[in-house]
Amino acid sequence: MIKEEEQKQLEILKLEFDRGKHRDEMLLKREELEVRKTETLRARWQSPLFLAVVAAIFGLFSNAAVALLNGKSERDLEDKKAEAARIIEALKTGNPDVAAENLKLLVEAGLVTDSASKIQAYLNNRQPGEGAQLPVATAATQAKNYKQREGPIRSIIVHATETPRTDSLDNLVEFYSKSESPGSTHYLIGADGRTVKILDEAYAAIAVGPASDPKFSNQSSISISLVGLSNEGFAEEQVTALENLLVDIARRNHIDVNDIVGHKDVTVPPGRKIDPGPHLDLEKIRAVVRSKL
Ligand SMILES: [Zn+2]
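Take a look at the structure:
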């Protein structure tokens, strides 16, 4: 009985749909699918708690779809989309604790409606150091020395900054943002695992120098630099952050896991560089990445 009634209602709704609204709905659906695809991929390499926040984001999108179905205004739809965008921005900290703080502020300031209290529940259940975060995305290029990229990305090169692990990430970002810095990298991973992007992947970093194979050259690679000294090794948090970042980059750029290499493995002549050194077990890291792809 209820089902029949619902079906009737649905049919009436469908009939009420004019062409413009239908087209808008399809656009929304497509957008939702795109976001879902990207976010699902990211979620796989994040803590399971990430799903809670992604669910909240999709909650917003489906609310938007419902608003549209009910003939609510375009304005409502835009508001919901803006909320989803704010949540994604709030997560781009490279640090789950900072991300949680941002989410809390958004809810408190009423910049996102947490009607189902999903975000609050996530914040309450989160353990320090765990949870949702996205790598810091810099809109502008921060590294000063780079080249236009002229071909596809085919490999990922792992480096050490060869500065003490205690060196602050902010100092290194500052260092690479000066034109007199000797080169660049795409990502920096600090001792606490905080990840900062200082060069968009669309550009080629100046990081590798002469390489044994064109696919490992600056033009064809993405460089990740771990803050630390090759002969001392790296913190566990850095290795975990590296694995997560590698999965993300490899997936987005369709990179073969075997083409994730250390700088020392591709230099010409051999031995020109020693980073990331003997303490970073790249074979093991590749295995972890492979299992998460
Ligand atoms: Zn290097």
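Per our numbering, the sequence shown starts with residue 1, numbered consecutively. For each residue, glycine too, the CB sits at the ideal point set by N, CA and C.
Exercise. Mapping DSSP to helix, strand and coil, what is I88?
Worked result: helix
Problem set entry | Member of E180, H263, S181, A191 whose CA lies at the smallest distance from the CA of L169 | A191
For this session: Write down the C-beta distance between P96 and E130 rounded to the nearest angstrom, noting that I regard them as a contact closer than 8 Å.
Result: About 6 Å; that satisfies the 8 Å criterion.
For this session: Measure the alpha-carbon distance for N306 versus R286 and round it to whole angstroms.
Result: There is simply no residue 306 to check, as the chain begins at 1 and stops at 293 in what is shown.
Problem set entry | CA nearest to the CA of A82, picked from L91, V112, Q219 | V112
For this session: Give a yes or no on whether the C-beta atoms belonging to Y176 and T163 are separated by under 9 Å.
Result: no
Exercise. Based on Cα-Cα distance, which residue from R165, I249, G271 lies nearest to E236?
Worked result: R165
Problem set entry | At least 3 beta-carbon pairs within less than 8 Å: the region 221-228 vs the region 146-160 | yes
Exercise. Is I153 near ligand 1, going by C-beta to nearest heavy atom under 8 Å?
Worked result: no
Exercise. Sorry if obvious, but does the Cβ on A287 come closer than 8 Å to a heavy atom of ligand 1?
Worked result: A287 Cβ: outside cutoff for every heavy atom of ligand 1.
For this session: Ignore the nearest five residues each way along the sequence and tell me which others in G262's own chain have a CB closer than 6 Å to its CB.
Result: V158, P276, L282
Exercise. Would the beta-carbon of S225 be found less than 8 Å away from any heavy atom of ligand 1?
Worked result: yes
Problem set entry | C-alpha distance - T195 paired with E180, whole-angstrom precision | 23 Å
For this session: Go through its chain and collect everything with a Cβ distance to K215's Cβ below 7 Å, but skip five positions before and after it.
Result: R154, S155, D259
Exercise. Just reading off the beta strand (DSSP E) that Q148 is part of, what are its end residues?
Worked result: 146-148
Exercise. Which term fits E78, buried or exposed, when burial requires 16 or more other beta carbons within 10 angstroms of its beta carbon?
Worked result: exposed
Problem set entry | CA nearest to the CA of A132, picked from L293, I249, E101 | E101
For this session: Consult DSSP for H263 and reduce its assignment to one of helix, strand or coil.
Result: helix
Problem set entry | For I87 and A121, the rounded distance between their alpha carbons | 15 Å
For this session: Over the uninterrupted beta strand (DSSP E) stretch that includes L280, give me the two end residues.
Result: Bounds of any beta strand (DSSP E) do not take in L280, whose DSSP letter is neither H nor E.
For this session: Output the distance between the C-alpha atoms of K92 and N218, rounded to the nearest integer angstrom.
Result: 26 Å
Exercise. How would you label G271, buried or exposed, when you count the other beta carbons within 10 angstroms and need 16 or more for buried?
Worked result: exposed
Exercise. Count the other CB atoms within 10 Å of the CB of S230; is the residue buried (16 or more) or exposed (fewer)?
Worked result: buried
Exercise. What is the DSSP secondary structure of S223, reduced to helix, strand or coil?
Worked result: strand
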